[in-house]
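Structure first, then comments.
Protein chains: 2
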Amino acid sequence: MNKISDVSELTGISAYTLRYYEEIGLIPKVEKNGSGARSYSDEDIAFIEFIKDLKKMGLSLDEIIHFGKEGCISEIRRLTNDAELRSVLEKRLKVLEDHLRKLDEQRKAIENHRKKIIDRMNVYKGIINTQHL
Amino acid sequence: MNKISDVSELTGISAYTLRYYEEIGLIPKVEKNGSGARSYSDEDIAFIEFIKDLKKMGLSLDEIIHFGKEGCISEIRRLTNDAELRSVLEKRLKVLEDHLRKLDEQRKAIENHRKKIIDRMNVYKGIINTQHL
DNA sequence: ATAAAAATTAGAGTTACCTCTAAGTCAAGA
DNA sequence: TCTTGACTTAGAGGTAACTCTAATTTTTAT
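Going down the list, the protein sequences come from chains G and U. Taking the numbering used here, the leading residue of the first sequence gets 1, the next gets one more, and so forth. Taking the numbering used here, the leading residue of the second sequence gets 134, the next gets one more, and so forth.
The following block contains the structure:
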């Protein structure tokens with residue numbers, strides 16, 4: 001059982017943010033000890049690392065919430081039957097597919113932006129390199 | 134001279150936003166008529182369209198502010214000498230170069246996100262397609 | 001025993017970019 | 001003349017994802 005400062009150091013997420021994640025329901029309620037201080041289980045920490053992975057994929061906190069709090073595969077296997085596992089995975093696949101589409105749109109937008117900027121830069125460079133300037 | 138509702142319709146930018154742009158110094162102060170209502174010149178409108186172009190390149194309002202309020206090339210030519218024109222264009226080139234670098238970083242991040250998501254989707258698909266499931 | 005460090009909560013502040021509300025002024029049409 | 005509609009301003013509200021403050025309590029070290 002780990003206190004918030006340790007979890008913060010371990011995960012690189014500030015204590016503020018850890019409490020915030022709990023508040024918005026991104027992570028399940030963490031147990032409190034007798035005097036009200038949070039006590040993170042190793043599973044809690046594993047789940048926070050899992051969330052970090054999802055953030056690395058560019059998912060918003062809202063998408064991660066929809067991804068579900070069932071934890072990692074081995075945990076789901078341990079806690080559920082095959083039908084439940086399948087339904088969790090299908091839900092997750094849907095979130096990821098949706099996000100992939102968003103990324104494709106972003107990619108196209110960036111390509112567009114790049115082209116427009118390069119064109120504009122060439123206009124400016126052309127003027128600067130003009131003889132009579 | 135054009136009133137704000139016309140400019141809004143013409144440019145597709147809400148009157149709220151037009152006032153906001155003026156407030157943050159994105160566009161120069163617009164003239165007011167006797168009773169205090171804004172009266173946009175055609176040059177004001179051209180400048181707003183110019184800003185729309187810059188937004189289409191993905192520039193933030195802050196970047197656009199640094200881009201300068203000198204207007205479009207023909208306007209700068211009309212109002213300044215060659216040395217000033219050159220310095221304006223060099224300033225703009227710098228903003229665009231910086232932004233291009235940001236776009237490259239974003240592009241790399243998206244590529245990374247895509248790879249990670251596709252990997253994860255394949256893991257999930259693999260489990261779903263397993264015999265004993 | 002006492003002082004510093006760390007934890008708690010509720011709630012405010014931050015950034016970017018708007019978007020809207022309220023209260024008031026003003027011009028034009030029936 | 002009266003009413004509708006457009007305009008003005010200052011300031012609040014909204015979103016995402018934190019980040020911090022204040023007041024208070026608990027833990028830890030000397």
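We treat Cβ as the ideally placed atom computed from N, Cα and C, and that holds for glycine. This structure is a prediction, so every number in the text was calculated from the model and none was measured.
Our two residues, E155/U and I146/U, have alpha carbons roughly 13 Å apart in a direct line. By the Cβ neighbour-count rule, D177/U is buried, with 16 or more other Cβ atoms within 10 Å of its own. The DSSP-derived three-state label of N81/G is coil. By the Cβ neighbour-count rule, Y153/U is exposed, with fewer than 16 other Cβ atoms within 10 Å of its own. Distance check between L10/G and each of I24/G, R78/G, I48/G and N81/G places I48/G closest, using alpha-carbon atoms only.
Interface annotation, G191/U: in contact with chain G, CB-CB separation under 9 Å.
In the structure shown, N33/G falls within a coil segment according to DSSP collapsed to helix, strand and coil.
Look at N2/G here: in three-state DSSP terms it is strand. With respect to I64/G, L79/G sits apart: the two C-beta atoms are not nearer than 9 Å. Think of a sphere of 7 Å around the beta carbon of K116/G: the chain U residues whose beta carbon falls inside it are K189 and M190, in chain order. A check of alpha carbon separations from D104/G across N245/U, D231/U, R234/U and K235/U identifies N245/U as the nearest.
With the criterion set as a beta carbon lying under 8 Å from some beta carbon of chain G, the members of the region 190-218 of chain U are M190, G191, I206, D215 and L218, in sequence order. Minimum Cα-Cα distance from V228/U among the listed residues M121/G, D62/G, N2/G and F67/G corresponds to M121/G. Below the 7 Å Cβ cutoff, chain U contributes L222, R225 and L226 as neighbours of Y124/G, in chain order.
A straight line joining the alpha-carbon of G201/U with that of P161/U spans about 10 Å. Per DSSP, the unbroken alpha helix (DSSP H) holding Y154/U starts and ends at A148 to E156.
Contact of I127/G with chain U by beta-carbon distance below 8 Å involves I206, L218 and L222. Against chain U, the CB of D53/G has a partner CB under 9 Å away; the residue lies at that interface. Bounds of the alpha helix (DSSP H) holding K185/U are D175 to K189. If you ignore the 5 residues before and after Y173/U, its C-beta comes within less than 6 Å of the C-beta of N135, V140 and V163, all in its own chain and listed in chain order.
Shown here for R210/U: same chain residues with a beta carbon closer than 7 Å to its own, the five before and five after excluded, namely L218 in chain order. Taking CB atoms only, I181/U has no neighbour in chain G less than 9 Å away. The Cβ neighbour count for E203/U, taken over all protein chains shown within 10 Å, is at least 16; the residue is labelled buried. For the set R240/U, H232/U, I137/U and T150/U, the Cα lying nearest the Cα of I117/G is the one of H232/U. Distances from the alpha-carbon of L93/G to those of G167/U, A242/U, G259/U and D175/U put G259/U closest. Look at A242/U: its C-beta is under 9 Å from a C-beta on chain G.
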